[in-house]
Each structure stands twice: as C-alpha cells, then as structure tokens.
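Novice:
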Amino acid sequence: MAIVYQKTQGLTDAEFHYCPGCHHGIIHKLVAETLVELGLLDEAIGVCPVGCSVFAYNYFNCDMLEAAHGRAPAVATGIKRTHPTQAVFTYQGDGDLASIGAAEIVHAAMRGEKFTTIFVNNAIYGMTGGQMAPTTLIGQRATTCQNGRTVEQAGSPIRMAELLSTMDGCVYAERVCVTDIANLNKAKRAIKKAFQKQMAGEGFTFVEVLSTCPTNWGLTPPKANEWLKENMVPYYPLGVIKETNTEVK
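Numbering (the working numbering), first residue to last: 5 to 253.
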C-alpha cells in the first residue's frame, strides 16, 4: 500500500502534552518538517523556553537544550558562535520572550546573531494560569486583569516583530498564523526562509506565529481560531515586516 502521509522524522514519537486546540503541535510540525526538508535535522540545535513548550526537547528529533526563563537567545548565541555551521533556533512563547527575555532577544537581534527564533504569541501566559502578558490585547481579560487590559494600567501590547525589525542585525522578520491551510502554508514558507537566511550567514531571523490558547481564553478550539482572526490579526498584522539581503560574511 502506498504511503500517503507519515509523521515527519523531525519529531519523536512522544505524545504532545498540549491542551486541545493549542497551536504548539502544529508549529512544532512545521519547524520539524523544515529541518528535514532543508537537510538540517542532524545538525540542528534547538533551545527550549520556560512556558507551555518547556518540554519541546521531548518532541524535536534533534539536539535540544533547556534555557533559564527568557535566556534562550543568550544560550543560542553561545551555541551558534561555537558551532557556526549548524542550524540553531530558539522556540519561545510571549511570556518567555517578550517579558522576562525582552532584553535578551533585543540585544541578540541588535548584534545580528545568526540564529532563528520561532516566537509563539498567544496573547497570554499559558502555563502559569492565564495571567496578562506583554502581548495581551486591550480589553482582553486575564487572571491579573479581570476587567480587561487597559492602556492606563499596562500600556499597549508590544509588537515584537516590528520592534526587532528596527535592529540592524535583524535581516528577516515575518508574522504568520496557522488557523487554516492557506495560512499554515504561508507559515511553513516563512519558517523555511528564516532558516535559509540563517544558514546563508545573513544575520538574525525571526518568525512570529499568532497562536490560540483555548484553555485560558475560555473558548472552544473553533471559537479560539475565530477570536484570533477577529481580534489578534488586526492588531498584529500578518506578513513580512522586514527582509534584507546582506553580504554573507
């Protein structure tokens, strides 16, 4: 019998621990497929965050390290500088990257560190119970802002792709989502381009993936997908934020 579809070799056989409807599993799959298709799996080194994807080292079928909360870019910097020919990536959520790790990712982008960051933005702290994150939308409720986030109390949600695109060392930043097949395919192309530009030695590359958190949003998976499209996409527009072609050094 002909094989129509099989699980990518970029993932282990471990069962995901994520909540029903969470997009982490889909994003894992896209990253893993990309590593296989580009022939990078055997040479790839990933860095896990502290957050919902803290156990990513159980799922990616490549070398993985665990970083302290927010410090994945610093760990990736050390790895890439000592192994410059290998594909290095961080996989981080919005609490890990945009809050405690904000300085780490900004300075990595500023220096033009030649690794790729996959940033999963679900507009909330997922693992710790649904607190407000730097990416939580105005009016969105969370356990630490039960009447909804306000500009007066917490400021405006931070757009990480736009922020990092202002850094000279960032050569590629794109925002995608995985709510449907068309957007899933765009996300796959963005992730592939990010790794290709990294391996060409161009500089720091960044892919932000808008994601759902049905559990902490209090929505069913289908409703969470709709909420993302109706509320997150208008504030966090999809598409290429920055792409430059720099001389390979």
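Where is the CB? At the ideal position from N, CA and C, for every residue including glycine.
1) Does the distance from the CB of Ala106 to the CB of Thr94 come in under 8 Å?
2) Going by C-alpha to C-alpha distance, which of Val211, Asn62, Met114, Met5 sits closest to Cys174?
3) Report back the beta-carbon spacing between Lys84 and Glu117 to the nearest angstrom; my notes put them in contact at under 8 Å.
4) Does the distance from the C-beta atom of Cys56 to that of Ala71 stay below 8 Å?
5) Can you round the beta-carbon distance between Ala191 and Cys181 to whole angstroms, since I take them to be within the 8 Å contact cut?
6) Is it true that the region 57-70 meets the region 143-154, where meeting means three or more beta-carbon pairs spaced less than 8 Å apart?
7) Just mark Ser169 as buried or exposed, buried being the case when its beta carbon has 16 or more other beta carbons within 10 Å.
8) For Arg85, which of helix, strand or coil comes out of DSSP?
9) I'd like to know if the region 189-208 and the region 131-143 are in contact, where contact means that at least 3 CB-CB pairs between them fall below 8 Å.
10) Between the C-alpha atoms of Asn220 and Ile128, what's the straight-line distance to the nearest angstrom?
11) Quick one: using the 10 Å Cβ neighbour count with 16 as the cut-off for buried, is Tyr240 buried or exposed?
12) Quick check on DSSP: helix, strand or coil for Lys253?
Specialist: On the basis of the supplied data:
1) The residue you call residue 106 lines up with position 102 of the sequence shown. The residue you call residue 94 lines up with position 90 of the sequence shown. Their beta carbons are not under 8 Å apart, which means Ala106 does not touch Thr94 by this criterion.
2) As a working note, residue 174 is residue 170 in the sequence shown. For Cys174, the nearest C-alpha among the options comes from Met114.
3) As a working mapping, residue 84 is identified with position 80 in the sequence shown. As a working mapping, residue 117 is identified with position 113 in the sequence shown. Indeed they touch by this definition, with Cβ atoms about 6 Å apart.
4) As a working mapping, residue 56 is identified with position 52 in the sequence shown. As a working mapping, residue 71 is identified with position 67 in the sequence shown. In this structure, Ala71 does not lie closer than 8 Å to Cys56 by Cβ.
5) Here residue 191 refers to the residue found at position 187 when the sequence shown is read from its first residue. Here residue 181 refers to the residue found at position 177 when the sequence shown is read from its first residue. At roughly 7 Å, the Cβ-Cβ gap stays under 8 Å, so Ala191 and Cys181 are in contact.
6) Too few Cβ pairs lie closer than 8 Å, so no.
7) In the sequence shown, counting from the first residue as 1, residue 169 sits at position 165. Label assigned to Ser169: buried.
8) For this step, residue 85 is matched to residue 81 along the sequence shown. Three-state DSSP puts Arg85 in a helix.
9) Touching, no.
10) Within the sequence shown, numbered from 1, the residue matching residue 220 stands at position 216. Within the sequence shown, numbered from 1, the residue matching residue 128 stands at position 124. Asn220 and Ile128: Cα-Cα distance of roughly 8 Å.
11) On the sequence shown, position 236 is the one that residue 240 refers to. Flag for Tyr240 reads buried.
12) Sequence index remark: in the sequence shown, residue 253 carries index 249 (1-based). Note that Lys253 has pLDDT 44, beneath the 50 cutoff, so the model's placement of it is unreliable and the number below is only indicative. Lys253: coil per DSSP, three-state reduction.
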